[in-house]
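Visitor: Each residue of the sequence shown is one higher than the last, beginning at 5 in my numbering.
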Amino acid sequence: MTIRPTYDNTAIVGVGQSAYTRRPEPGALAHHFIRDAVVAALDDAGMKLGEIDGLALSSMSIGPDQAVDVAWRLGLSLRFLHQDTNGGSSSISAFGAAVRAIEMGAAKTVLVAAGDATGLEGYAKLAANFNRAIRDHAAALGYGGPNTAYALLTARQMKHYGLDKSDYGHMAIAQRIWAAGNPYAVYRDPMTMDDYLNAPGVVDPLCRFDCVPVVAGGQAVILSAPDRTPKGRPKVRVRALGYSFNHDHQATDGLKTGASIFAKDLWEQAGAGPDDIDVASIYDDYPAMVVAQLDDLGFMPDHDAKRFIANRIRDRSFPVNTWGGMLSAGQPGGPAGCLNGVSEITLQLQGRAGARQVPDAKLGLTTGYGMTMYRYGATAGAAILERQA
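1. Taking 8 Å as the threshold (C-beta atoms), are A60 and V17 in contact?
2. Under the three-state reduction of DSSP, which class applies to L156: helix, strand or coil?
3. Given this structure, state the Cα-to-Cα distance separating D279 from L367, to the nearest angstrom.
4. Give the C-beta separation of T261 and A296 to the nearest angstrom, bearing in mind that I take them to be a contact with Cβ-Cβ under 8 Å.
5. Kindly list the residues whose CB is nearer than 6 Å to the CB of T370, restricted to its own chain and excluding five residues on each side of it in sequence; keep chain order.
6. If the criterion is Cβ atoms closer than 8 Å, does the pair D300 and S264 meet it?
7. How far does the alpha helix (DSSP H) with Q297 in it extend, from its first residue to its last?
8. Where S332 and G205 are concerned, what is the direct C-alpha to C-alpha distance, given to the nearest angstrom?
9. Am I right that G119 and G222 are in contact with their C-beta atoms under 8 Å? What's the rounded C-beta distance?
10. Which residue or residues does DSSP assign as beta-bridge partners of S62?
11. So the candidates are Q70, K268, G328; which of them puts its Cα closest to the Cα of P291?
12. Can you list, in chain order, the residues of its chain whose CB lies under 6 Å from that of V426, leaving out five sequence neighbours each side?
13. Three-state secondary structure (DSSP) at E272?
14. Cβ of A153 within 8 Å of Cβ of R379?
15. Just how far apart, CA to CA, sit G277 and P323?
16. Just checking, does the stretch 248–262 make contact with the stretch 30–43 on the three C-beta pairs under 8 Å criterion?
17. With G341 as the anchor, note down where its beta strand (DSSP E) starts and where it stops.
18. Can you tell me which residues form a DSSP beta bridge with Q21?
19. At the level of alpha carbons, what is the spacing between A189 and L33?
20. Does any C-beta atom of chain E lie closer than 8 Å to the C-beta of D73?
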């Protein structure tokens with residue numbers, strides 16, 4: 005008999021976000037955006053800084069500082085400290101570490117924070133030196149950054165699933181509609197299919213609206229005992245967690261993510277299935293990666309991505325990335341993007357998502373994906389969250 009983990013002692017009691025900006029002011033550091041998100045999360049939770057005894061941090065631009073330095077600058081004295089720098093799944097991994105820390109008694113109240121502020125020039129330098137695989141091999145061949153790698157993957161996915169550009173367009177347009185209800189999103193104006201199809205090309209087949217806009221920003225959530233949830237709000241608890249690292253050692257075609265490794269276990273932990281999910285936040289650095297993760301997690305019957313997009317995404321009957329996703333709201337370096345998903349699902353389950361609220365949402369899914377090596381991401385993670393009275 006397999007014993008499934010439970011997370012009965014932990015709830016998300018506060019969420020906070022900094023402003024997101026495409027052009028940070030000179031001298032603006034990731035620390036500043038993380039600070040603003042932390043202050044907002046503390047205010048949302050009705051907590052004081054001294055109540056925090058754990059920190060799980062994700063950032064790719066706090067150097068030369070590390071997590072302990074950020075904790076010191078924030079004024080935190082801690083029993084638990086965790087740092088994750090493994091790309092776009094960093095925050096969902098840090099979130100899991102924070103949950104387990106509380107469940108194991110390592111801390112009572114853990115702040116999970118993420119943020120970056122590289123600027124476009126800084127991001128280009130980061131992308132060229134992301135790891136040795138990129139620096140020593142891809143960059144030496146004139147690698148144009150992740151857009152080049154994911155253009156190749158998107159072309160392969162189009163052929164595999166029989167997709168065309170308009171299919172990805174429906175995804176981008178649906179997320180832009182959701183973004184109109186998110187005051188933090190950097191792009192909120194309506195987008196038409198003509199806008200999408202006629203957008204300037206980046207790397208064939210990717211156009212401008214397929215490539216996530218880099219922003220400076222921060223995100224934070226606070227985890228503590230369920231009874232610390234502010235009065236009048238439903239409790240949001242963790243139902244399941246799943247992770248995969250180096251699922252295929254960069255040796256396959258990249259059409260599957262690490263979610264394909266843990267999907268079965270994730271649903272068994274949750275005691276639920278894809279049809280039970282009311283709202284989802286899927287890591288969306290490129291539309292192709294939303295397709296890949298949704299299929300890996302079992303949302304697409306018969307692996308028919310084209311039909312799923314036409315029947316569920318186009319009309320938004322399946323709410324995906326209700327905050328606009330990173331494609332419209334912006335990508336703060338990568339790590340904070342999936343933490344934004346945790347925050348959004350929390351707001352949805354508590355009925356606090358405002359104009360973008362999904363009616364009566366009870367069960368939500370959020371994912372992370374990233375750490376591109378030679379051709380595609382090596383890390384993946386997911387959490388299923390539930391609303392409780």
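Built from N, CA and C at the ideal position, the CB exists for glycine as well.
Guide: With the given structure in hand:
1. Contact flag unset, no.
2. It is helical.
3. In a straight line, the C-alpha of D279 is about 10 Å away from that of L367.
4. Right, the Cβ-Cβ distance comes to about 5 Å (below 8 Å), so this counts as a contact.
5. Result list for T370: S285, G345, V346, I349, A387, in chain order.
6. In this structure, D300 sits near S264, with a CB-CB distance shorter than 8 Å.
7. Segment 291–300, the alpha helix (DSSP H) holding Q297.
8. S332 and G205 have their C-alpha atoms roughly 17 Å apart.
9. G222 and G119 do touch by the CB rule: their CB atoms are close to 3 Å apart, below 8 Å.
10. Partner(s): D88, A118.
11. Nearest of Q70, K268, G328 to P291, Cα basis: G328.
12. Absent from the structure is residue 426, since the part of the chain shown begins at 5 and ends at 393.
13. Three-state result, E272: helix.
14. Their beta carbons are under 8 Å apart, which means A153 touches R379 by this criterion.
15. C-alpha separation (whole angstroms): 16 Å.
16. No: the two stretches stay apart, fewer than three of their Cβ pairs being nearer than 8 Å.
17. Here G341 belongs to no beta strand (DSSP E); instead the alpha helix (DSSP H) covers 339–353.
18. According to DSSP, which records beta bridges pairwise, Q21 is partnered with Q223.
19. Rounded to whole angstroms, A189 to L33 spans 20 Å at the Cα level.
20. Going by chain labels, chain E is absent from the structure shown, which holds only one protein chain.
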